[in-house]
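See structure below.
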Amino acid sequence: GSQALHELANLLDPVEAVSDLIGSALSDDPPATTGTIGVIARGYSPELDAIYTASDDARQYINSLESVERKRTGIKNLKVGYNKVFGYYLEVTKANTDSVPEHYIRKQTLVNAERYITPEMKEAEVKLLNAEEEIHQIELRLYRELLGEIGTYSESLLLTARILAEVDRVGTLAEVAARHGFVRPHLTDADELYILGGRHPVVEQLLAGSDRFVPNDTTFTSEERIHVITGPNMSGKSTYLRQVALIVLLAQIGSFVPADEAHIGLVDRIFTRIGAQDEIHAGQSTFMVEMVETALILQQSTRRSLIVLDEIGRGTSTYDGLAIARAVIEYLHNHPRMGGKTLFATHYHELTELENILPGVANYSVTVAEQGEQIVFLHTIMRGKADKSYGIHVAELAGVPKAVVRRAAEILDELEAQANVWQIDGEAVREPQPGDQLSLFGGSDHPALRALKQIDVESMSPIDAITRLHELVRMVQDE
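So the sequence shown is numbered by the numbering used here: it starts at 145 and just counts up by one.
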């Protein structure tokens with residue numbers, strides 16, 4: 145608060161001695177890099193000033209030489225030039241060589257001109273070049289001495305830097321909070337998370353002036369620990385996940401948060417598994433990266449952690465992915481060390497069954513409005529599971545050719561028709577019961593289910609669990 149800022153202000157040391165030293169030692173417009181002449185100010189070092197004076201005199205002599213020699217010789221087109229091979233020279237056209245004084249020394253012959261030097265010109269050139277080298281060496285020495293002297297104030301400078309950084313942090317967070325309507329969160333030691341009207345701090349600003357950002361509520365209690373979130377692509381699931389993580393992070397660094405109200409129990413860590421990216425340089429596929437990160441979360445998270453998981457299992461086959469996703473949820477739910485507040489977005493609608501099996505799991509979905517054959521994403525997170533995925537509608541919105549969209553709809557109708565009838569010996573026998581289609585395994589006497597019941601989840605490592613899952617999936621697929 146303001147009291148803390150006053151205390152910081154009292155500790156602030158302006159270190160005026162360093163400011164005065166830098167102001168007197170460095171030129172007003174120094175070059176961007178050291179090693180270039182002009183870093184040290186005139187008047188700081190008598191030794192350096194004397195060399196600058198000699199250099200200035202030599203440069204002034206050369207600069208005035210052209211006009212002086214034109215008057216002396218009467219050669220109106222006489223020029224003074226410079227190149228890296230011969231240095232400074234006097235150039236006279238062939239038509240005027242008869243007017244060249246005897247003390248000129250021919251240095252180079254060109255097609256239409258002759259180039260000359262004089263002893264005085266060469267002497268000035270040597271002074272100028274030597275002065276530049278001396279200036280460079282002296283400035284480098286003085287600059288190092290300056291750094292050493294400033295270094296004696298390092299303790300005060302570091303303290304001042306830390307104080308200014310803290311003031312900058314607080315001021316920036318305060319400005320953002322005031323400008324964008326953030327509120328002060330209530331931080332507690334309770335194992336809770338309640339956000340009313342939460343918003344994504346970045347996406348909200350990107351939408352400013354166009355669409356209005358749709359705020360969402362988030363509630364975790366000691367009983368409800370895992371939110372399984374379903375909904376179509378582009379509906380806002382990933383934005384919502386990031387939004388909750390950012391609000392918790394902002395609260396714990398001392399910031400106001402983008403919400404109408406927030407009660408946040410302190411978390412020990414925030415774990416995220418979001419996005420898909422191959423680690424090509426490490427020889428790791430998307431799925432391997434996903435599993436490595438998931439394993440880390442399962443090994444290190446605790447009940448006081450916030451866990452954000454987006455589309456676990458999408459990097460492999462449907463059955464493998466579904467099996468792994470379900471096992472991860474069960475592990476987070478059942479392991480005594482686990483139970484961290486978890487947001488689990490998924491396209492596996494079968495996972496919504498877990499709400500009826502695991503007491504700490506709750507289904508949430510992103511609402512969609514159907515207007516004829518069109519859909520409108522409402523971006524609102526509601527209690528309950530999504531009715532369907534709307535994948536074909538999303539493909540149409542993405543610009544997939546209409547012929548492909550129509551064919552996909554036909555194939556979907558065929559698949560849904562097949563799913564609505566079970567057949568034995570070619571005869572339709574009955575409609576499936578609600579649990580039939582969605583169950584990961586078959587009936588209660590299925591060997592895979594019996595094997596699953598014998599697993600001691602608490603004694604298994606994440607890698608062992610994943611290996612066992614692959615075995616169970618093969619048991620189902622081999623039937």
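Cβ atoms here follow ideal geometry from the backbone N, Cα and C, with glycine treated the same way.
Task: Straight-line gap, Tyr534 to Pro376 (C-alpha atoms, nearest Å) - done: 6 Å
TODO: Within its chain, find whatever has a CB closer than 6 Å to the CB of Ile279; leave out the 5 residues flanking it on each side and keep chain order.
DONE: Closer than 6 Å at the Cβ level, and outside the excluded window around Ile279, lie Ile181, Ile195.
Task: For Met432 and Thr123, the rounded distance between their alpha carbons - done: The shown model of the chain, from 145 to 623, leaves out residue 123, and the question about it has no answer.
Task: Where Tyr338 falls, given that 16 or more other Cβ within 10 Å makes a residue buried - done: Buried.
- [ ] Please confirm whether Thr438 and Arg481 have their CB atoms less than 8 Å apart.
- [x] no
- [ ] Would you mind reading off the limits of the beta strand (DSSP E) that contains Phe103?
- [x] This structure gives no information on residue 103, because the portion of the chain shown stretches from 145 to 623.
- [ ] Express the C-alpha separation of Ile391 and Tyr297 in angstroms, rounding to a whole number.
- [x] 40 Å
Task: Start-to-end residues for the beta strand (DSSP E) that takes in Ser509 - done: 505–515
Open item on the list: I need the boundaries of the beta strand (DSSP E) containing Val212, first residue and last residue.
Closed with: It is not in any beta strand (DSSP E) - Val212 instead sits in the alpha helix (DSSP H) that spans 190–217.
TODO: Could you spell out the range, first to last residue, of the beta strand (DSSP E) harbouring Gln281?
DONE: Premise fails: Gln281 lies in the alpha helix (DSSP H), 263–295, not in any beta strand (DSSP E).
Open item on the list: Pop quiz: Tyr463 and Ala609 are said to be a contact at Cβ under 8 Å. What is the actual Cβ separation, rounded to whole angstroms?
Closed with: The beta-carbon distance between Tyr463 and Ala609, rounded to whole angstroms, is 16 Å. This is too long to meet the 8 Å contact definition.
Open item on the list: Quick check on the DSSP output: what are the complete beta strand (DSSP E) runs of length 3 or more inside the stretch 442–493, in order along the chain?
Closed with: 450–454, 485–489
Open item on the list: With a threshold of 8 Å, are at least 3 pairs of Cβ atoms found where one atom belongs to the stretch 262–280 and the other to the stretch 200–213?
Closed with: The stretch 262–280 is in contact with the stretch 200–213.
Task: The alpha helix (DSSP H) enclosing Ile629, as first and last residue numbers - done: It is not possible to answer for residue 629, since the shown part of the chain is limited to 145 through 623.
TODO: Taking all protein chains shown into account, decide if Gly483 is buried (16 or more other Cβ within 10 angstroms of its Cβ) or exposed.
DONE: buried
Task: Unbroken alpha helix (DSSP H) run spanning Ala322, endpoints - done: 298–324
Open item on the list: I need the DSSP call for Gln518, collapsed to helix, strand or coil.
Closed with: strand
- [ ] Using the Cα positions of Gly543 and Val512, report the straight-line distance between them to the nearest angstrom.
- [x] 20 Å
TODO: Would you decide whether Pro503 is buried or exposed? Buried here means 16 or more other CB atoms lie within 10 Å of its CB.
DONE: exposed
TODO: Flag this pair as touching only if the stretch 362–372 and the stretch 313–333 have three or more C-beta atom pairs under 8 Å; answer yes or no.
DONE: No contact exists between the stretch 362–372 and the stretch 313–333.
Open item on the list: My output table needs one value for Tyr384: the three-state DSSP class, helix, strand or coil.
Closed with: helix
TODO: Take Arg174 and list the residues in its own chain whose beta-carbon comes closer than 7 Å to its own, dropping the five residues that flank it on each side.
DONE: A quick correction: the sequence has Pro, not Arg, at residue 174. Cβ within range, chain order: Gly182, Val183.
Task: 6 Å CB neighbourhood of Asp136 in its chain, flanking five on each side removed - done: This structure does not reach residue 136, given that the chain is present from 145 up to 623, and the question cannot be answered.
Open item on the list: Between the stretch 589–598 and the stretch 611–622, can you find at least three pairs of beta-carbon atoms closer than 8 Å?
Closed with: yes
- [ ] Could you pull out every residue in the same chain whose Cβ sits closer than 8 Å to the Cβ of Gln396, ignoring the five residues on either side in sequence?
- [x] Leu331, Ile408, Leu410, Val411
- [ ] For Phe230, name the three-state secondary structure that DSSP assigns.
- [x] coil
Open item on the list: Taking the alpha-carbon of Ile166 as reference, which of Arg306, Tyr492, Ala148, Leu286 has the nearest alpha-carbon?
Closed with: Leu286
Task: Same chain, Cβ closer than 6 Å to His371, five either side skipped, listed in chain order - done: Here the set comprises Leu487, Ala506, Tyr508.
Task: Strand pairing of Asn360, partner residues [DSSP] - done: Gly342
Open item on the list: So, with DSSP's three-state summary, where would you put Glu615?
Closed with: helix
Open item on the list: From the DSSP secondary-structure annotation, give me the bridge partner or partners of Thr416.
Closed with: As a beta-bridge residue in DSSP terms, Thr416 pairs with Val452.
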